[in-house]
Amino acid sequence: MYDVIVRGGLVVDGSGGPGYLGDVAIQDGKIAAVGRIEGGAHRFVEAEGRVVAPGFIDPHTHFDVQLLWDGAAKPALEHGITCVVPGNCSLSLAPLRAADRQRVIGMFQQIEEMPPAAFTEAFDWTWEDFAGYRAAIEKSLSVNVAPLVGHSVIRLWVMGADAQERAATADEIAAMQVMLRECLDAGAVGLSTSFVDVDENGRPVPSRFAQFEELDALSEVLGEYGRMLQIVPEFYAIDITIARIDQLAELSLKHNIPTTFSPVFDSTATPDNVARTMARVEEQFARGARVWPQMQTRPIDISFSLLRPSLFFARLPRWVRILRQPLEARIAALRDPETVEKMVADLGPDGGERMMGRLVVRGGDGAPAELTGRTLSDIARDRGEAPALALINLSLEHGLDVAFLNANAGHEVTERIGPMLAHPLVHIGASDGGAHLASFSTYGDTGYLFSEFVRKSGALSLEQAVAKITAETADIWGLKDRGRLETGKAADIVIFDAATIGRGEERPAFDMPGDGMRYVRAATGIDTVLVNGQVAYAAGAYSDARAGVICV
Amino acid sequence: MTSEAVIIGAQIVAGHDGSAELLVRLRHPNGAEGPVVLDEATGLMLMKTCGATHVDELTGQSWRRIVEGL
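The listed protein sequences derive, respectively, from chains A and B. When the first sequence is numbered by numbering that gives the first Met the number 0, its final residue is 551 and no position is left out of the sequence of numbers. When the second sequence is numbered by numbering that gives the first Met the number 0, its final residue is 69 and no position is left out of the sequence of numbers.
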């Protein structure tokens with residue numbers, strides 16, 4: 000008698016091989032059998048007409064804080080994500096001395112945009128070391144977690160405030176090695192570092208003060224465990240990124256470790272960047288190095304409001320001059336009919352329809368809820384105004400606190416992105432789940448993979464797409480029990496409708512501590528998600544199951 | 000040939016963090032050309048430093064203007 004049998008679905012097992020009709024039996028949280036299964040079970044999950052696949056793995060998240068009160072990392076789990084990797088970009092919540100918490104909170108708020116209440120009301124700080132953080136999150140996990148430890152916090156632990164001032168001494172580097180070993184022994188799956196990130200004051204995070212000797216010494220420790228080094232390279236300059244690829248390759252070869260870097264994204268303004276990146280990655284893989292570029296599936300959107308100057312208007316000199324003024328003067332100018340008439344005239348005879356008409360009101364700010372998700376063109380028509388005038392007036396009516404979204408402004412050309420995602424050396428990831436909360440939704444990238452690049456463009460087959468975000472991800476990260484529907488593997492399973500899996504529209508949600516706002520997307524086409532054999536999500540609702548583990 | 004890198008063009012691009020960013024193309028003294036992307040704050044500061052109200056007005060400016068505003 001099995002615990003669960005998932006019956007009659009199209010089994011896409013993560014290997015990349017053709018799907019086949021079959022069943023999956025589960026016993027004690029593990030997959031007990033796959034194929035045509037006879038026999039009974041305490042529970043049957045009907046999957047006829049659905050795909051049965053390994054749970055998806057999200058290798059680049061910042062759920063470190065959210066996991067302390069939300070063990071499902073919502074809404075990631077309902078998108079079919081059964082394992083998340085937090086602790087990216089040099090930042091984790093351990094090891095961290097009590098005296099250094101405020102400093103690291105500032106760094107997290109810069110990346111995650113988490114409201115302050117998240118750090119003061121939502122949980123008790125019960126730990127300083129990595130094992131303590133692990134204990135704090137693992138008691139109520141619905142999703143599996145494969146945590147990275149951040150270079151910046153290790154540095155802070157060893158060097159104190161000097162971590163953000165100078166290079167480390169030999170003794171300090173040795174102490175960091177000891178601390179990294181301790182974290183890896185406590186369940187960290189690797190080390191993250193960043194050459195880009197800043198704290199809330201614009202100061203470089205501690206990892207950016209490290210010299211190569213320090214990174215080399217820490218990579219030596221990763222080599223003892225065969226664990227991952229994740230970095231954020233200077234992605235704003237392609238030549239520096241390529242130099243970082245070479246540096247990662249040397250570390251990978253010298254210490255026999257996997258490495259990964261992100262973000263990698265396409266822009267029609269720099270159409271050769273991804274090709275140059277991949278050419279170097281291919282060269283380094285040919286040498287035996289493992290340097291995995293992480294690429295997101297979703298397009299990049301631009302958002303802005305008139306509360307702050309934005310480069311969105313950088314081709315409109317009058318708008319630049321006006322929006323550059325201090326707030327009071329800016330509002331006064333926007334209330335002056337003569338000035339506004341000239342501003343609207345700057346957009347040409349269509350009143351801004353071409354440049355601004357497709358902007359979407361985002362919501363979650365001063366804008367009335369009924370306008371959320373509507374285009375400026377639509378709103379302007381209702382108001383009997385030109386789009387540019389509607390943008391100004393709508394902003395004025397709500398204290399300028401109305402955010403507009405210019406969707407699909409980068410990494411948006413499906414015909415270009417599809418073949419990139421299908422490249423065997425491209426690691427699909429970089430979702431940033433749990434970060435950029437007030438800027439855009441970081442959820443639904445897996446659904447978008449299937450809707451846009453499997454169904455719409457056909458750049459990947461269903462089986463290829465599943466393999467990319469399950470078995471291949473598990474292999475890259477050395478997550479031995481995950482990513483495949485095979486006997487003996489963990490029973491992390493997602494059941495979905497291949498015809499409808501996708502992501503919903505972006506919408507504001509006020510579910511952060513202190514009624515804090517974030518942008519989210521619901522999942523479409525996901526029927527059921529099992530984590531370690533237990534149903535964690537089904538028919539649109541989360542269960543009480545807490546079967547998630549720290550997975551290594 | 001100039002003795003330092005100069006801006007030969009600029010355009011608005013979508014940034015990883017969801018803001019509009021400024022892609023600046025530089026031509027170096029040896030003739031090599033390459034892009035660098037400035038985040039929104041740095042891009043706005045560059046425009047202000049150069050007294051520019053349109054991105055096209057950045058053309059011909061020294062690369063040093065980029066760091067002056069930092």
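Yeah, the Cβ is synthetic: ideal placement off N, Cα and C, and Gly gets one too. Note that the structure is predicted; figures quoted are calculated from it, not measured.
In this chain, the beta strand (DSSP E) harbouring residue 29 (chain A) covers 29–34. Between the region 298–311 of chain A and the region 398–418 of chain A, the count of Cβ pairs shorter than 8 angstroms is three or higher; the stretches touch. With contacts defined as CB atoms closer than 8 angstroms, residue 453 (chain A) and residue 466 (chain A) fail to qualify as a contacting pair. DSSP places residue 407 (chain A) within a strand segment (E or B) once states are collapsed to three.
Beyond the five residues adjoining it in sequence on each side, residue 62 (chain B) comes within less than 6 angstroms, by CB distance, of 4 and 25 in the same chain, given in chain order.
Residue 79 (chain A) is a Cβ neighbour of residue 525 (chain A), given a cutoff of 8 angstroms. The residues 22, 23, 24 and 25, in chain order, have a CB closer than 8 angstroms to that of residue 34 (chain B) in the same chain once the five nearest residues on each side in sequence are set aside. Proximity to residue 188 (chain A) across A:123, A:49 and A:82 peaks at A:82, based on C-alpha coordinates. When C-alpha distances from residue 89 (chain A) are compared across A:502, A:100, A:106 and A:73, the shortest belongs to A:106.
Under the 8 angstroms criterion on CB atoms, residue 262 (chain A) is classed as interfacial with respect to chain B. Against chain B, the beta carbon of residue 430 (chain A) has no neighbour under 9 angstroms; the closest one sits roughly 12 angstroms away. Beyond the five residues adjoining it in sequence on each side, residue 182 (chain A) comes within less than 7 angstroms, by CB distance, of 94, 129 and 148 in the same chain, given in chain order. Separation of the CB atoms of residue 52 (chain A) and residue 13 (chain A) is rounded to 7 angstroms, and the pair is thereby assigned contact status at 8 angstroms. For residue 0 (chain A), there is no enclosing alpha helix (DSSP H), as DSSP marks it with neither H nor E.
Residues of chain B whose Cβ lies closer than 7 angstroms to the Cβ of residue 310 (chain A) are, in chain order, 11, 19, 20, 21, 39, 42 and 43.
Residue 413 (chain A): member of the alpha helix (DSSP H) spanning 413–421, first to last residue.
The Cβ atoms of residue 317 (chain A) and residue 342 (chain A) sit closer than 8 angstroms to each other. In this structure, residue 439 (chain A) sits away from residue 501 (chain A), with a CB-CB distance that is not shorter than 8 angstroms. Remark: C-beta atoms of residue 251 (chain A) and residue 293 (chain A) do not approach each other more closely than 8 angstroms. Rounded to the nearest angstrom, the Cβ distance from residue 72 (chain A) to residue 432 (chain A) is 7 angstroms, consistent with a contact under 8 angstroms. According to DSSP, residue 536 (chain A) shares a beta bridge with A:528 and A:541.
Looking only at A:175, A:75, A:254 and A:236, the smallest Cα-Cα distance to residue 535 (chain A) is reached by A:75. In this structure, the CA atom of residue 210 (chain A) is about 6 angstroms from the CA atom of residue 166 (chain A).
Judged by DSSP in its simplified three-state form, residue 193 (chain A) adopts strand. At least one C-beta of chain A is nearer than 8 angstroms to the C-beta of residue 33 (chain B).
Look at residue 41 (chain A) here: in three-state DSSP terms it is strand. Within the same chain, and ignoring the five residues on either side of residue 63 (chain A) in sequence, the residues whose Cβ sits closer than 7 angstroms to its Cβ are 85, 86, 91 and 92. With respect to the C-alpha of residue 200 (chain A), the residue from A:222, A:190, A:109 and A:185 having the closest C-alpha is A:109. Setting aside the 5 residues that flank it on each side, residue 281 (chain A) is surrounded in the same chain by 424, each with a C-beta closer than 8 angstroms to its C-beta; the list follows chain order. The beta-carbon separation of residue 4 (chain A) and residue 30 (chain A), rounded to 11 angstroms, does not stay under the 8 angstroms limit for a contact. Under the three-state reduction of DSSP output, residue 54 (chain A) falls in the coil class, being neither helix nor strand. The Cβ of residue 543 (chain A) sits no closer than 8 angstroms to any Cβ of chain B.
If one requires a minimum length of 4 residues, the alpha helix (DSSP H) runs lying completely within the region 302–387 of chain A are 316–322, 326–333, 336–345, 352–355 and 375–382, in chain order.
Between the region 161–176 of chain A and the region 5–22 of chain B there are fewer than three C-beta pairs closer than 8 angstroms, too few to call the two in contact. With the rule of 3 Cβ pairs closer than 8 angstroms, the region 261–278 of chain A counts as touching the region 223–239 of chain A.
Judged by DSSP secondary structure, residue 235 (chain A) falls outside any alpha helix (DSSP H); it is assigned neither H nor E.
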